[in-house]
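Visitor: There's a structure below that I have some questions on.
Number of protein chains: 2
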Amino acid sequence: MNAWTLVYDGFDPEKEDLREALCTLGNGYFATRGAASEVAADDVHYPGTYLAGGYNRLETEVSGRTIENEDLVNFPNWLALTFRIEGDEWFDLRRVEILAYRQELRMKEGVLGRDVRFRDSHGRITVMRQRRFVHMRFPHLAALETVLSAENWSGALELRTAIDGRVVNDGVRRYRGLNNRHLEPLQSWAEGDSLFLRTRTSQSRLEMVQGVRTEVFSGESPLATERTTNARPELIVQTLPLNLNQNEPIRVEKTLALYTSRDWAISEPGVAAAKALARAPSFAEMLEKHRATWEHLWHRFDIRIEGRENNGVEAEMILRLHIFHLLQTVSLHAIDLDVGVPSRGWHGEAYRGHVFWDELYIFPMLNLRVPEITRTLLTYRYRRLEEARAMAREAGLRGAMYPWQSGSDGREESQRLHLNPRSGRWLPDNTHLQKHVNAAIAWNAWQYYQATEDAEFLHYHGAEMILEIARFWSSKASWNGEMERYEIRGVMGPDEYHDAYPGVDRPGLDNNAYTNVMAVWCLLTAFKVLDALPADRRDELVDTLELGEKELAQWDRISRRMRLCFHDEGIISQFEGYGELEEFDWETYRAKHGQVMRLDRILEAEDDTPNRYKVSKQADVLMLFYLFSSEELREIFQRLGYPFEYETIPRNVDYYLKRTSHGSTLSQIVHSWVLARSDRDRSWDLFKMALHSDIDDIQGGTTPEGIHLGAMAGTVDLVQRGYTGLEMRGEVLHFNPCLPRDLSRLNFNIRYRGQSVSVTVTHDRLVLSCLMCGEKPIRIGWRDEVRELHGGKSLEFVL
Amino acid sequence: MNAWTLVYDGFDPEKEDLREALCTLGNGYFATRGAASEVAADDVHYPGTYLAGGYNRLETEVSGRTIENEDLVNFPNWLALTFRIEGDEWFDLRRVEILAYRQELRMKEGVLGRDVRFRDSHGRITVMRQRRFVHMRFPHLAALETVLSAENWSGALELRTAIDGRVVNDGVRRYRGLNNRHLEPLQSWAEGDSLFLRTRTSQSRLEMVQGVRTEVFSGESPLATERTTNARPELIVQTLPLNLNQNEPIRVEKTLALYTSRDWAISEPGVAAAKALARAPSFAEMLEKHRATWEHLWHRFDIRIEGRENNGVEAEMILRLHIFHLLQTVSLHAIDLDVGVPSRGWHGEAYRGHVFWDELYIFPMLNLRVPEITRTLLTYRYRRLEEARAMAREAGLRGAMYPWQSGSDGREESQRLHLNPRSGRWLPDNTHLQKHVNAAIAWNAWQYYQATEDAEFLHYHGAEMILEIARFWSSKASWNGEMERYEIRGVMGPDEYHDAYPGVDRPGLDNNAYTNVMAVWCLLTAFKVLDALPADRRDELVDTLELGEKELAQWDRISRRMRLCFHDEGIISQFEGYGELEEFDWETYRAKHGQVMRLDRILEAEDDTPNRYKVSKQADVLMLFYLFSSEELREIFQRLGYPFEYETIPRNVDYYLKRTSHGSTLSQIVHSWVLARSDRDRSWDLFKMALHSDIDDIQGGTTPEGIHLGAMAGTVDLVQRGYTGLEMRGEVLHFNPCLPRDLSRLNFNIRYRGQSVSVTVTHDRLVLSCLMCGEKPIRIGWRDEVRELHGGKSLEFVL
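Taken in order, these protein sequences are the chains called F and P.
For what it's worth, the working numbering labels the leading residue of the first sequence as 452, then goes sequentially.
For what it's worth, the working numbering labels the leading residue of the second sequence as 452, then goes sequentially.
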């Protein structure tokens, strides 16, 4: 096993969907351009950019897949480049005898390679080797190199190259009944070696122009050949007659430029694409710069692991795959765009490109690597603050109420019905009641500020978001005079198994512990934010938001009197009344159904509901232990006048883990995290489960619909923060390492408040080195002491 | 005189063009949307957004002017809202007897008011009062309120409201032969009270949707009336029959929403405009928030002046007008856009919206107020770095060669021919040889960093720009083996009177002193930048730019051996050979032509050329004394091995001021600046000239074509930095005040490295107060000492 390469040897049609999802290429720009706009529409999913490597996907450079069996040309695969050997059909893997097949995602250099050696019906043996990349330095460029060799024959060969605008999105079976065509063809044209296609996204009316240049070489010499061009508005095709001689390979370079009407610094996308294509150098030269950029990226992002037996290499490879996917979705190119992080990546069609709360798991990794990316993603939220305010207003509340699912313009896009494929029933979907997404946004803004001290962001964007979210919670909380407590009623926590009380028509639950604690945290953080603002900006903001003393006093009161519920002596009730639910018969169900991750579907199909039981898809009480240190949590509980003892955490962890089905990819992260110190082996097992969830598609079929970005980034964060005990609190960067037994050494670089720190952890040592020559030392918290780490120096701690 | 309001009493058709230019409204968003894209095209000027107050402009909400005498409706003025009193024609100022007319630009609140009282041919006396604003908090909104009162009659009145897409740009007479229609009509539609029009910019293909809502009130009660809608793709009109009773005024609110396909956080502009319009509150409510936002802006930007007699009030009012115009062009709304600062503002059609080097005069004011705006404007340059690299490459040079004039995609847009209206001849235009724009960009990036310590910007954008510009100068410099000096040949300095040697065909001059010194400064700053980068980012950048030790050594050599030329014992030659030019007979020409600002045109019309003479439109040698303190300049000269004595500055100032025609609006700023200490009265006179250059259109006709933003901002900077001696050098903020005799007190707030400082200067005191509670004190340089200014504290210095 090589820790830098994902290899598939042999061809397996059954697995190609999964392989494609795992090998899709991107660069943080490509897919987002159509997508970021398109995801606005209800029931419209988006044209992600496919530059993948699977077999049975009929993809083009644009996005999605082409429609099969069209008369003009059919591109089974290979990025709208195909060929036909004299006397044969257009190349189709399914119709030839495959002698060898190998696909390699070379993560170090960001290149996907695919080699196939095959024999056709005439006994001719041909080898095709392809390499492709989406450029990491030049966001608008991508390239595909194809080398064709005849092993035992010579003869004529026809090459076809095209841009195909007939793509549809049908990667998710259950969405196929919905509108899946998102590009209106406008125009196509040819200019010399280059073809261009102008389309418009159907809902957001963005124009997108792609240009491709196709060049053919024998060795280093270009091969002149007559081209026939066939242009229709939706499809433009060039055909090139060639001769392939035995053992004299032909190399085809296909270079792609993509621009949209939302790009900066262009005249219009057609002019920009033509200029970019004319200036694009050779495949080799582009590849060189692409590799160099990946080298820089890996310097920032890589996590080096050593472990027992193969544990290190495997974990390292999968972590890299996860980092690789994150960087395809949001890279440095995203910094100038208006993008959020869709939970299935930009190329996964599941969830239709919508943005949820997964950022909570993704940001910590970015905050400590390239915080400018987080800033971009937070700015995406800031730009939608006005919409969130309108939504609060329309719900009779104040402040900003961000949506559970959202797309381009930031309105609530959660479905109101969903299908249980098990029962075939359409059911009301109450997930939009997950108002806790608001707390996650405030949390993320504050964490970013902790990691960067970016005063400009806090003063101008962060503060306003956090204050408006605090105001939302304050208006959402209602006074229970009898209990003398504030309550938050009618919401859902992160655990989607529970959306109502059993037998009650009204959706939503009351006093979800996670939500209520997070609301209190938001109110307390709002005060911190006001303190952190310079007087003039504070005055300005208080005036703009009409934030009076009376309202602030109300926030303070709520932050002292929010209600939490408990049962079984010290168990924090997931929500009010949780203690009265029935215990669930896990054993019977596991015996009957094996995998019970989607227990909700199983129960609903039996006319039952998880609402009746003490079961969780994801134990949301445990989220509190994931987000807060016990010190921080104790402070909040004490402020509220609730007990918080030494045993509170282990008892609750134990209680809820027993009642959880791990139906969410995110839950393994949280569970592994909360066990990292108390039960290292179980934590490691859960970590490995999380590591494998996409690469092995352990949910059975969800990965081909799109990778799970939150879980991917979460595994990296678990290594980075969970196993090192890294915590940013106030002005101090704390460490408290605890390696799993199967790992022997961890090493990675982080960026903290403008400085670079190399972190190395073994079972007996923590070594921190400051790579940068900053003036101000970093304050490192270690047990009860605080030490200073200066530029160019190291600190070593014995565990 | 009121220091907050620009008032025009009485109607003067001759002056309306000028008044409109000075009263145009904006908010940093409105005009830019069409414009920022459109200015790309050669010979295409752009549709600026007109929300102005003049008479003879036939403007609409979009931009430019409507075509007159169309059949459907004609909107002479008044923002596509007009009326017809029963038995009369559509209202036309030219056909009624004007009894009173008053126009007021109320800068404090950002409102333009216009009142007219008139008598029609039937003897009916009517009063119309209008107020309008472009919203400063909500960038997509604007509003117009019109109150109509019948003084001595009652009767029927027909109101027409529209959106008119037939606008053209014909504000500059000499451009009228060029294509002046920039909007393709696509679609119009009505929804209840609201009208919508979708257009596309003709060159950049951006879609733009405007919506307007027209409501009619009597007192606070809405008046129901039947509306007739007439829709064509390019024009949509609603007609409302009303009754106006004597002394019962009718109020019409017209609310406008504008979105384009380049806006963030929208689905598509049509949906966004409809939503914004539906949510827009009443005129009064919008106005309240608009005013509050202006109050915040003035808190940051205002400059309070006290002076002898009326000097204070007048200067204060004009400075506010200048600040007001700057904030219309680039406000906080610009922060999220991709915009530069066009030298004539967004609404001036002159120079076709192109961006030059005027930023050099504009940024200092923004750096010390809202540096995020400067960051945006620098990012605009950064986004065009790739284009600048391509231009250098195409010119056989290395690094980045930014264009002299540019628009959307950053390519060189300078005209190659220009017309001398005096001679009627088209002449070659060599202004693109003003490569010094590159030094200005590097200068601006570095000054921004000095003002903010924004490490993220420097590390990721600023450093790359500065290094690539340094590389450009290094490749542009050639070695003169005989002199053992590096030379820069074939360029133009800021003085546009000199573009070649007399009698020589080759355009350009050699060893322009300003250019050569700035090139050296760029190389030295590149080294500072490399030192300021953290090691990891430096490695990354050096690798990406392939910046070897050899190249850096070459930069160092050039920075020690750049050639400067001198003549007349200590006069820095504007360029090599300047000393040999003929002296110019100023007296004769002044006697003959009076105003000789455009001496180039006068001479060319006489078959002569300023290239023969020691004359300058703008003395570019003096730019050095404007940009550098004498200490800094001495350092550079010493490094180069040239003498720099105490008399160098006054001798050169004296020498060149005598030989300058002040043909550039920017030159008065520079000249006033360099005299601020040595000749306070003359400096003050030049300052007043600069103050009046737009408000009184002292160049005679150029202001109606667009205000001069560089000169406007320059006057503010002269007060802010020139008269206070404010200088950011290293970690220290230096002061060295010197008030003109006519002023007695100056007071304003600045933002420096995240802190707010109030600055007060009188003839005998400088008082600095830190308004903010920052942790880190500000280091204040005063004469030879450095003192610390802490949050909440003041420092007082006796002059």
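C-beta atoms are modelled at their ideal positions from N, C-alpha and C, and glycine is treated no differently.
Could you name the residues of the same chain whose beta carbon sits closer than 6 Å to that of P:Gln581, not counting the 5 residues immediately before and after it, in chain order?
Guide: So the list reads Arg565 and Thr597, once near-sequence residues are dropped.
Visitor: What residue range does the beta strand (DSSP E) around P:Leu532 cover?
Guide: Per DSSP, P:Leu532 belongs to the beta strand (DSSP E) from Leu532 to Ile536.
Visitor: Which chain P residues are close to F:Arg730, counting only those with a beta carbon under 7 Å from its beta carbon?
Guide: Ala841, listed in chain order.
Visitor: Could you pull the start and end residues of the beta strand (DSSP E) that P:Gly670 belongs to?
Guide: Here P:Gly670 belongs to no beta strand (DSSP E), and DSSP marks it neither H nor E.
Visitor: For F:Met991, which residues in chain P fall below 7 Å Cβ to Cβ?
Guide: As written in the sequence, residue 991 of chain F is Glu, which differs from the Met given in the question. The answer, in chain order, is His747.
Visitor: Which chain F residues sit within Cβ distance under 8 Å of P:Leu1222?
Guide: Correct list: Pro985, Ala986 and Asp987.
Visitor: Counting only Cβ-Cβ distances shorter than 7 Å, please list the residues of the region 896 to 908 of chain P near chain A, keeping chain order.
Guide: Here the protein chains are F and P, and chain A is not one of them.
Visitor: Would you mind sorting P:Ala986 into buried or exposed? The rule is 16 or more other CB atoms within 10 Å of its CB.
Guide: With fewer than 16 Cβ atoms within 10 Å of its Cβ, P:Ala986 is classed as exposed.
Visitor: By the three-class DSSP mapping on this structure, what secondary structure does F:Glu465 have?
Guide: Here F:Glu465 sits in helix by DSSP.
Visitor: Check the C-beta distance from F:Leu695 over to F:Ser572 and give it rounded, since I have them as a contact under 8 Å.
Guide: No, F:Leu695 and F:Ser572 are not in contact; Cβ-Cβ is about 17 Å, not under 8 Å.
Visitor: Are the CB atoms of P:Asp1193 and P:Gly758 within a distance shorter than 8 Å?
Guide: Yes; because the gap between Cβ atoms is below 8 Å, this pair is in contact.
Visitor: Does the structure place the region 880 to 896 of chain P close enough to the region 968 to 985 of chain P that three or more beta carbon pairs sit under 8 Å?
Guide: Yes: the two stretches touch, three or more of their Cβ pairs being nearer than 8 Å.
Visitor: Cβ atoms of P:Leu836 and P:Glu919: under 8 Å apart, would you say?
Guide: Yes; because the gap between Cβ atoms is below 8 Å, this pair is in contact.
Visitor: In terms of residues, what are the limits of the beta strand (DSSP E) holding F:Cys1221?
Guide: First-last of the beta strand (DSSP E) with F:Cys1221: Arg1216 to Cys1221.
Visitor: Whether or not the region 700 to 708 of chain F and the region 731 to 750 of chain F are in contact is what I'm after, with contact meaning three or more pairs of Cβ atoms, one per stretch, closer than 8 Å; do they touch?
Guide: With the cut-off at 8 Å, the region 731 to 750 of chain F and the region 700 to 708 of chain F touch.
Visitor: Rounded to a whole number of angstroms, what is the C-alpha to C-alpha distance between F:Gly791 and F:Leu1117?
Guide: Taking the straight line joining both Cα atoms gives about 18 Å.
Visitor: Using the C-alpha atoms, what's the distance from F:Phe584 back to F:Leu457?
Guide: Their Cα atoms are separated by approximately 15 Å.
Visitor: I want to know whether the region 800 to 813 of chain P touches the region 881 to 892 of chain P - three or more CB-CB distances under 8 Å.
Guide: A contact exists between the region 800 to 813 of chain P and the region 881 to 892 of chain P.
Visitor: Looking at C-alpha atoms only, which residue of F:Gln697, F:Leu599, F:Leu868 and F:Gly721 is the closest neighbour of F:Phe422?
Guide: Absent from the structure is residue 422 of chain F, since the part of chain F shown begins at 452 and ends at 1250.
Visitor: Please classify F:Gln955 as buried or exposed, where buried requires at least 16 other C-beta atoms within 10 Å of its C-beta.
Guide: In the sequence under discussion, the amino acid at residue 955 of chain F is Val, which differs from the Gln named in the question. That one is exposed.
Visitor: Between F:Lys559 and chain P, is any beta-carbon pair separated by less than 8 Å?
Guide: It does not; no Cβ of chain P falls within 8 Å.
Visitor: Applying the criterion that 16 or more other CB atoms from any shown protein chain within 10 Å of the CB defines a buried residue, is P:Ile1023 buried or exposed?
Guide: With 16 or more other Cβ atoms within 10 Å, it is buried.
Visitor: What residues match up with F:Gly959 in a beta bridge as DSSP calls it?
Guide: According to DSSP, F:Gly959 bridges with nothing at all.
Visitor: Looking at chain P, which residues of the region 645 to 656 of chain F have a Cβ within less than 8 Å of any of its Cβ atoms?
Guide: Hits within the stretch, in order: Gln654, Ser655 and Arg656.
Visitor: Which two residues bound the contiguous beta strand (DSSP E) that contains P:Trp930?
Guide: Where P:Trp930 is concerned, the enclosing beta strand (DSSP E) stretches over Ser929 to Asn931.
Visitor: What are the boundary residues of the beta strand (DSSP E) that includes P:Glu757?
Guide: Start and end: Ile754 to Gly758.
Visitor: In terms of residues, what are the limits of the alpha helix (DSSP H) holding F:Asn1103?
Guide: Taken as a continuous stretch (DSSP letters only), the alpha helix (DSSP H) holding F:Asn1103 covers Thr1099 to Leu1108.
Visitor: Taking F:Arg834 as the query, report the chain P residues whose CB atoms sit under 8 Å from its CB, ordered along the chain.
Guide: In chain order: Trp715, Ala716 and Asp787.
Visitor: Could you tell me if F:Met773 is buried or exposed, where buried requires 16 or more neighbouring beta carbons within 10 angstroms of its beta carbon?
Guide: A quick correction: the sequence has His, not Met, at residue 773 of chain F. Its Cβ being crowded by 16 or more others within 10 Å, F:His773 is buried.
Visitor: Throw me the rounded Cβ distance for the F:Trp855 and F:Leu868 pair, which I believe falls under 8 Å.
Guide: About 15 Å separates the two Cβ atoms, so there is no contact after all.
Visitor: Tell me the DSSP bridge mates of P:Tyr552?
Guide: P:Tyr552 is bridged to P:Val567.
Visitor: Report buried or exposed for P:Tyr1064, applying the criterion of at least 16 other Cβ atoms within 10 angstroms of its Cβ.
Guide: Classification of P:Tyr1064: buried, given that the 10 Å Cβ count is 16 or more.
Visitor: Could I get the ranges of all uninterrupted beta strand (DSSP E) runs contained in the region 1144 to 1212 of chain F, with 3 residues as the minimum, in chain order?
Guide: Fully enclosed beta strand (DSSP E) runs of 3 or longer: 1178 to 1180, 1183 to 1186 and 1194 to 1203.
Visitor: List the residues of chain P that F:Ser1207 touches, going by C-beta distances under 9 Å, in chain order.
Guide: Ordered by position in chain P, the residues that pass the 9 Å Cβ test against F:Ser1207 are Pro985, Ala986, Asp987 and Arg988.
Visitor: Nearest-angstrom Cα distance between P:Gln554 and P:Ile917?
Guide: Their backbone Cα atoms lie some 47 Å apart in a straight line.
Visitor: What three-state label does DSSP hand F:Gly913 in the structure shown?
Guide: DSSP places F:Gly913 in helix when its eight states are reduced to three.
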